[in-house]
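Numbering (full-length UniProt numbering), first residue to last: 1 to 716.
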């Protein structure tokens with residue numbers, strides 16, 4: 001198993017407010033008029049200082065995570081095989097294609113090897129560019145080959161420095177989003193500081209570098225920043241067109257780099273749909289965003305050789321349904337409160353029915369089954385019936401796909417982020433309800449709303465989008481821990497925006513009858529500065545201690561295994577084993593695999609279940625037949641899986657296999673009444689006894705404290 005061991009040896013006072021107010025002479029877009037004495041110069045100075053701070057924080061974050069990675073692994077000192085093993089599970093698989101492109105005789109041969117790949121899945125030729133989101137590895141490898149840097153920078157460093165550099169883009173995008181929402185770059189500074197001090201819950205890039213989300217989330221943050229700017233009022237046509245172009249490019253890159261893009265953008269489309277129905281966003285801009293999502297995804301579909309999983313995505317079906325439903329129901333935004341509510345309910349039902357119908361038809365035509373495991377998992381997770389499906393249970397038993405642990409909130413509270421986030425969320429939610437009620441009520445309720453005006457904050461379109469975005473992604477994070485990184489980063493933006501917002505403080509002060517323009521401005525700047533001082537005082541020593549702690553990568557058993565495979569097996573040998581380990585086998589040795597961790601293919605899921613029978617209660621003849629059908633020459637058994645203790649009974653891999661095979665589970669505990677004892681002992685345990693019934697099919701050729709490698713007999 002891979003382990004880490006100890007190594008041996010100032011105040012901003014910008015006038016560029018985003019909101020017009022009664023007391024200050026500002027333009028509708030929030031800028032001090034250029035003819036105001038010193039106004040233009042002050043705006044330029046504020047923009048310059050804010051931009052410098054943004055870039056500086058982005059670069060510092062990049063250096064920070066790169067330093068943590070080096071200090072954790074002593075990456076610069078360990079051998080190449082150890083560096084590659086440190087790219088665990090699916091990270092190693094993705095990086096192997098970058099390595100493959102670098103080592104190819106030419107770019108053309110490298111691309112040909114990806115399009116006609118016969119080493120990732122034995123006895124099959126697959127198109128890697130169609131099946132996986134690896135265009136970033138292709139682009140980076142080509143860039144490395146054509147730039148004159150080979151003598152100065154190793155390929156692995158070019159790769160990881162690019163990912164760490166994207167963290168700078170990520171932080172700058174979060175900073176800019178918060179700045180746009182609040183009108184002050186002090187808000188962006190606070191958002192970036194929260195992102196860094198809550199690093200454990202906002203990113204995992206330093207130890208899962210090639211993971212798809214580490215490529216995709218920076219582009220998603222850029223897209224959100226561009227949408228925030230797009231939703232501002234009084235944009236010039238040229239500004240709007242340029243912003244739409246940025247949104248499209250960011251959406252395209254986000255979609256290209258992560259296979260789960262469609263689910264994230266579906267939530268985003270749902271947020272737009274809700275706000276459009278409540279008259280809180282301009283319909284024309286929402287329509288453009290729907291079209292951009294569809295066109296970006298379809299362009300990725302073309303680049304991925306018409307990947308059927310993209311064509312059958314719920315996002316395309318939903319956005320198409322919304323556009324069709326709008327055409328059918330043309331008078332949605334007319335009438336009184338009850339009339340409007342009735343129309344909206346019918347509209348929502350129409351969109352839902354059309355979405356399901358279109359999606360069902362597409363999947364029927366394309367015979368699409370690539371994503372069925374996701375819906376089985378969701379069905380079981382939310383209590384719509386128990387399942388014995390092996391793939392669904394494999395997800396259900398992983399901590400990353402469980403509920404968000406409660407200790408997450410205690411960590412976020414230490415930096416005051418969670419407390420302030422809840423405070424801002426409550427205020428903005430109340431404002432949103434009032435604004436939505438006013439929009440749906442029409443002229444009949446104007447008098448009532450005028451009475452409420454003193455304690456009501458006007459909700460801008462960009463703030464409204466940010467509110468619904470954070471609520472929906474918060475629900476996703478609470479239900480699935482792995483998705484928390486989409487929420488916590490935006491939590492930093494949302495909380496900092498609320499703390500630096502003139503409108504929020506104006507609302508609070510008016511409600512307690514203490515409002516003056518000067519008092520609101522003083523609080524708007526003093527509270528964030530006090531918060532920044534507190535964060536710096538409490539967390540700076542810890543960050544310094546973290547940066548000074550030196551450790552070392554240490555996994556001698558896996559290193560020994562990889563070296564043995566490279567030295568003692570032919571290049572054409574086919575290996576079977578766990579998905580996580582085989583990704584490392586491909587990266588470190590280049591041998592052919594039977595299965596791997598990229599699970600978005602039905603045939604691969606069936607292969608994996610067959611290979612995993614090595615940990616089930618099956619006869620040696622049955623296991624040998626299953627493995628040989630996949631062309632297997634060697635099988636790797638891991639004691640950490642065979643004798644697993646990490647999961648409780650019912651969630652160990654061997655338990656999932658027993659239940660799927662209709663066998664009772666090992667150990668003390670209940671079993672479902674229709675499960676029966678197996679006629680055979682557990683394969684991974686029994687094979688080590690060297691009984692004749694096993695040795696006639698399997699010969700042990702390698703063994704250490706963690707791994708056992710057996711060569712399969714080739715019977716006629």
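Backbone N, C-alpha and C define an ideal beta-carbon position, used for all residues, glycine too.
Predicted, not measured: the structure shown is a model, and the values here were computed from it.
Query raised in the report: Shortest alpha-carbon distance to residue 74 belongs to which of 304, 554, 280?
Result: 554
Query raised in the report: In whole angstroms, what is the alpha-carbon distance linking residue 125 and residue 48?
Result: 54 angstroms
Query raised in the report: What three-state label does DSSP hand residue 575 in the structure shown?
Result: strand
Query raised in the report: Nearest to residue 558 by CA position, among 584, 701, 113, 545, is which residue?
Result: 584
**Report entry** Identity of the residue in 645, 661, 680, 548 nearest residue 667 by Cα
**Finding:** 645
Report task. Run through the stretch 227-274 for me and flag every whole alpha helix (DSSP H) of 4 or more residues, listed as ranges in chain order. Result -> 237-257
Query - Cβ neighbours of residue 717 in the same chain (closer than 6 angstroms, five flanking residues each side left out) - result: Shown here, the chain extends from 1 to 716; a query on residue 717 therefore has no answer.
Report task. Might you give, ordered along the chain, the residues of its own chain that have their beta carbon closer than 8 angstroms to the beta carbon of residue 366, omitting 5 neighbours on each side? Result -> 308, 311, 312
Query raised in the report: In the structure shown, what three-state DSSP assignment does residue 687 receive?
Result: helix
Requested in this report: Locate the beta strand (DSSP E) running through residue 128, then write down its first and last residues.
Outcome: Careful: residue 128 lies outside any beta strand (DSSP E), inside the alpha helix (DSSP H) at 128-131.
**Report entry** Buried or exposed by the 16-neighbour rule on C-beta atoms within 10 Å, applied to residue 191
**Finding:** buried
Report task. Between the Cα of residue 243 and those of 136, 227, 350, spot the shortest distance and give me the residue it belongs to. Result -> 227
Query - Alpha carbon of residue 140 to alpha carbon of residue 162, nearest angstrom - result: 9 angstroms
Query raised in the report: Assuming residue 740 contacts residue 574 under a Cβ cut-off of 8 angstroms, what Cβ separation, rounded to an integer in Å, is found between them?
Result: Outside the shown range of the chain, which is 1 to 716, sits residue 740, and nothing can be said about it.
Query raised in the report: So residue 709 is in the beta strand (DSSP E); what residue range does that whole segment cover?
Result: 707-712
Query - Supposed close pair residue 459, residue 432 - CB separation, criterion 8 angstroms - result: 6 angstroms
Report task. Excluding the 5 residues preceding and the 5 following residue 671 in the sequence, name in chain order all residues of the same chain whose CB lies nearer than 7 angstroms to its CB. Result -> 664, 665
Requested in this report: Quick one: using the 10 Å Cβ neighbour count with 16 as the cut-off for buried, is residue 384 buried or exposed?
Outcome: exposed
Query raised in the report: So is the beta-carbon of residue 655 under 7 angstroms away from any non-hydrogen atom of the ligand MG?
Result: Absence of the ligand MG is noted for the structure shown, with no ligands found whatsoever.
Requested in this report: Could you check the C-alpha separation between residue 652 and residue 272 for me, to the nearest Å?
Outcome: 41 angstroms
Query raised in the report: residue 702 bridges to which residues according to DSSP?
Result: 709
Requested in this report: Along the beta strand (DSSP E) that carries residue 554, what are the first and last residues, could you check?
Outcome: 551-554
Requested in this report: With a threshold of 16 other CB atoms inside 10 Å of the CB of residue 120, please say whether the residue is buried or exposed.
Outcome: buried
**Report entry** Under 8 angstroms between C-beta atoms of residue 722 and residue 392
**Finding:** No answer is possible for residue 722: the residues shown for the chain start at 1 and end at 716.
Requested in this report: From the DSSP output, in three-state form, read off residue 347 for me.
Outcome: helix
Query raised in the report: Tell me which same chain residues have a C-beta within less than 6 angstroms of the C-beta of residue 528, skipping the five on either side of it?
Result: 186, 190, 499, 500
Query raised in the report: Helix or strand or just coil, what does DSSP make of residue 425?
Result: helix
Query raised in the report: Are the Cβ atoms of residue 581 and residue 503 separated by less than 8 angstroms?
Result: no
Query raised in the report: DSSP three-state call for residue 172: helix, strand or coil?
Result: helix
Query raised in the report: Short check: CB of residue 462 to CB of residue 88, under 8 angstroms?
Result: no
Query raised in the report: Who are the Cβ neighbours of residue 476 in its own chain at under 8 angstroms, not counting the five residues just before and after it?
Result: 267, 483, 486, 487
Report task. In angstroms with no decimal places, state the Cα-to-Cα distance between residue 138 and residue 390. Result -> 33 angstroms
**Report entry** Helix, strand or coil at residue 538 [DSSP, three-state]
**Finding:** helix
Report task. Have a look at the DSSP bridge pairing and note the partners of residue 117. Result -> 126
Query raised in the report: Where in the stretch 384-413 do unbroken runs of the alpha helix (DSSP H), each at least 4 residues long, occur, reported from the N-terminal end onward?
Result: 390-396
Query raised in the report: Distance, Cα to Cα, residue 586 vs residue 257?
Result: 21 angstroms
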